[in-house]
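Shown next, in structure tokens, is the structure this report addresses.
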Amino acid sequence: MSKNEATTIEIGETSKESKGKAPLLGAAHVEHARAGYKRGVSIFDLVLRISAATAALAATVTMGTTEQTLPFFTQFFQFQASYDDLPSFTFFVIAMSIATGYLVLSVPFSIVCIARPLLTAPRLLLILCDTLTLTLTTSAAASSAAIVYLAHNGNSDANWLAICQQFGDFCRRTSGAVVASFVAVALLIFMVVLSALGLRKH
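Structure, rendered in structure tokens:
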């Protein structure tokens with residue numbers, strides 16, 4: 001065998017080996033990039049989840065402890081306003097309590113998504129439960145916002161008087177609770193979008 005033939009054989013074998021390894025290295029790089037992207041999404045989801053739980057808890061506690069009594073000439077003749085006097089506010093406290101409990105319990109699943117970013121089952125479970133919780137909190141926040149609006153402005157057509165001039169502290173606390181609930185709603189929307197992005201294959 002001549003020197004030229006040996007050189008030709010070595011070059012041919014080297015080119016075959018490089019062609020076989022190149023697709024494998026490219027696939028590993030793509031898989032690593034996908035895992036990094038999904039892990040970043042999961043970390044951001046965890047931050048939003050904790051923030052939403054905090055906002056929902058603040059809304060629940062604020063509304064659940066809202067009560068104001070107006071003293072008059074005698075202690076036997078008083079006007080009192082409490083959140084449980086209105087069904088919408090009672091529903092608000094129950095709904096936001098459920099949302100708070102769910103968001104706290106969902107934190108471990110979000111951590112699993114960070115540790116195992118390529119798993120789809122936890123993300124699918126989170127996006128389904130997040131959507132249900134979003135629906136519940138939105139309905140509670142919207143119904144309570146309507147009551148707060150009536151408390152501030154009344155309705156002359158229905159002869160409903162505004163009570164916030166008398167029950168100022170009551171209105172301030174209920175308004176703050178409604179604002180906190182809408183913050184939780186906005187964060188839940190972002191969480192649903194993030195979960196959808198995390199389920200993308202590419």
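In full-length UniProt numbering, the protein residues as written are 1 to 202. The beta carbon of each residue, even a glycine, is placed where N, CA and C say it ideally should be. As the structure is a prediction and not an experimental result, all values here were calculated from the model.
Residue span of the alpha helix (DSSP H) that contains residue i, given as start and end
i	result
residue 155	No alpha helix (DSSP H) holds residue 155; DSSP gives it neither H nor E.
residue 85	Counting along the chain, residue 85 falls outside any alpha helix (DSSP H), and DSSP gives it neither H nor E.
Reduced DSSP category for residue i - H, G, I as helix; E, B as strand; rest coil
i	result
residue 74	For residue 74, the predicted structure reports a pLDDT of 49, less than 50, and the residue's modelled location is therefore unreliable. The matter cannot be settled from this model.
residue 120	coil
residue 69	strand
residue 43	helix
residue 5	Interpretation of residue 5 is limited by its pLDDT of 47, a score under 50 that renders its predicted location unreliable; the figure taken from the coordinates is listed afterwards. Helix, per DSSP.
residue 14	The predicted model places residue 14 with a pLDDT of 47, which falls under 50 and marks its position as unreliable, so this point remains unresolved.
Buried/exposed call for residue i, threshold 16 Cβ in 10 Å
i	result
residue 87	exposed
residue 121	exposed
residue 107	exposed
residue 198	buried
residue 21	With a pLDDT of only 48 at residue 21, under 50, the local geometry of the prediction cannot be trusted, and no value is derived from it.
Candidates the options, of which the one nearest residue i by Cα
i	options	result
residue 103	51, 84, 176	51
residue 166	154, 177, 176	154
residue 149	162, 105, 99	162
residue 81	193, 187, 92, 173	173
residue 39	110, 190, 56, 132	110
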